[in-house]
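Right, one structure below, let's go through it.
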Amino acid sequence: MWSCLGHCSPVPLLGWIWSVRPSARPSGGRLELLDRTLPEVYIKPVQQTGTVLVLRLGCGKVSGHEVRHMTRRITRGFRVDRLVAARKDKGFTQAELARLAGLTTGAVKSWESGRTTPEVANLARILDALGLHIADVIDIPVGDRHLGDLRVLALLPQTELARRIGISTTALGELERGEANLSDTVAARLADALGVAESEVREAFVRTRTRPPNTPA
Numbered sequence: 053m054w055s056c057l058g059h060c061s062p063v064p065l066l067g068w069i070w071s072v073r074p075s076a077r078p079s080g081g082r083l084e085l086l087d088r089t090l091p092e093v094y095i096k097p098v099q100q101t102g103t104v105l106v107l108r109l110g111c112g113k114v115s116g117h118e119v120r121h122m123t124r125r126i127t128r129g130f131r132v133d134r135l136v137a138a139r140k141d142k143g144f145t146q147a148e149l150a151r152l153a154g155l156t157t158g159a160v161k162s163w164e165s166g167r168t169t170p171e172v173a174n175l176a177r178i179l180d181a182l183g184l185h186i187a188d189v190i191d192i193p194v195g196d197r198h199l200g201d202l203r204v205l206a207l208l209p210q211t212e213l214a215r216r217i218g219i220s221t222t223a224l225g226e227l228e229r230g231e232a233n234l235s236d237t238v239a240a241r242l243a244d245a246l247g248v249a250e251s252e253v254r255e256a257f258v259r260t261r262t263r264p265p266n267t268p269a
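The sequence shown begins at 53 in the numbering used here and counts up one residue at a time.
And the structure:
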């Protein structure tokens, strides 16, 4: 169930509980999603699946086209314990690492506590500050990798990869969730942009498309 804070009707959707404040209307007319109003037991599954829900301004039911799946955050294989160990080995505090990476201390604390995971671009900054390789903090066996994993391992944000292969970010997101067909042309472009064999792209896509229900892509 969804529930709005204020005079809103509950909106059943996806089985997760978030809260939205109707009065929260920042510039641009977007509602603020207040994940901090809920216990972590409800927040974490949403973050792990990379699901973000977007409401119309106002209350009521949410139509299918108003639900957006965002995959900017890393949802699979992130070994935060290795990141913490590397930071401590360097003798950095969380604040010092954040400063060196050009990020906020709050972001580093949030990742290390397991409350959230970083976006690819921010993880790249952290790795650079710590002198680490992406494989040091992302642990997904080759035979288990999904299409989105290949992009993360290449340290490419979704928008950048979409630009390189000449499709929209929305179309790439659908491929990374296994919700669209992978054409020969796009498979070849993905392989080139990701620096992997085309067969690896196709195998990763098949795993993505055939993964069990309610599991992260």
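Virtual Cβ for every residue (Gly too), placed ideally from N, Cα, C.
Cβ neighbour criterion (16 or more within 10 Å) applied to residue i
{"i": "Asp-141", "result": "exposed"}
{"i": "Pro-268", "result": "buried"}
{"i": "Arg-131", "result": "exposed"}
{"i": "Asn-233", "result": "exposed"}
{"i": "Asn-266", "result": "exposed"}
{"i": "Ala-245", "result": "buried"}
{"i": "Gly-166", "result": "exposed"}
Check whether residue i and residue j have beta carbons under 7 Å apart
{"i": "Gly-200", "j": "Arg-177", "result": "no"}
{"i": "Arg-197", "j": "Ala-256", "result": "yes"}
{"i": "Leu-242", "j": "Ile-219", "result": "no"}
{"i": "Ala-147", "j": "Thr-156", "result": "no"}
{"i": "Ala-239", "j": "Arg-254", "result": "yes"}
{"i": "Ile-192", "j": "Gly-129", "result": "yes"}
{"i": "Ala-181", "j": "Leu-207", "result": "no"}
Cα-Cα separation between residue i and residue j, rounded to whole angstroms
{"i": "Gln-210", "j": "Gly-225", "result": "8 Å"}
{"i": "Asp-133", "j": "Val-194", "result": "21 Å"}
{"i": "Val-204", "j": "Glu-212", "result": "12 Å"}
{"i": "Gly-143", "j": "Leu-149", "result": "10 Å"}
{"i": "Ser-229", "j": "Lys-161", "result": "What sits at residue 229 in the sequence shown is Arg, not Ser. Arg-229 and Lys-161: Cα-Cα distance of roughly 29 Å."}
Whole-number beta carbon distance between residue j and residue i, since they are thought to touch under 8 Å
{"i": "Gln-136", "j": "Glu-164", "result": "According to the sequence shown, residue 136 is Val rather than Gln. 5 Å between Cβ atoms; contact."}
{"i": "Val-169", "j": "Thr-127", "result": "The displayed chain sequence assigns Thr, not Val, to residue 169. So it is a contact: roughly 7 Å between Cβ atoms."}
{"i": "Ala-332", "j": "Asn-174", "result": "This structure cannot speak to residue 332, because the chain is shown only from 53 to 269."}
{"i": "Ala-138", "j": "Leu-202", "result": "About 23 Å; that fails the 8 Å criterion."}
Next item on the list: Starting from the N-terminal side, write out each stretch of the alpha helix (DSSP H) that is 4 residues or longer and does not extend beyond the segment 155-212.
Entry: List check, alpha helix (DSSP H) in window: 157-165, 172-182 and 199-205.
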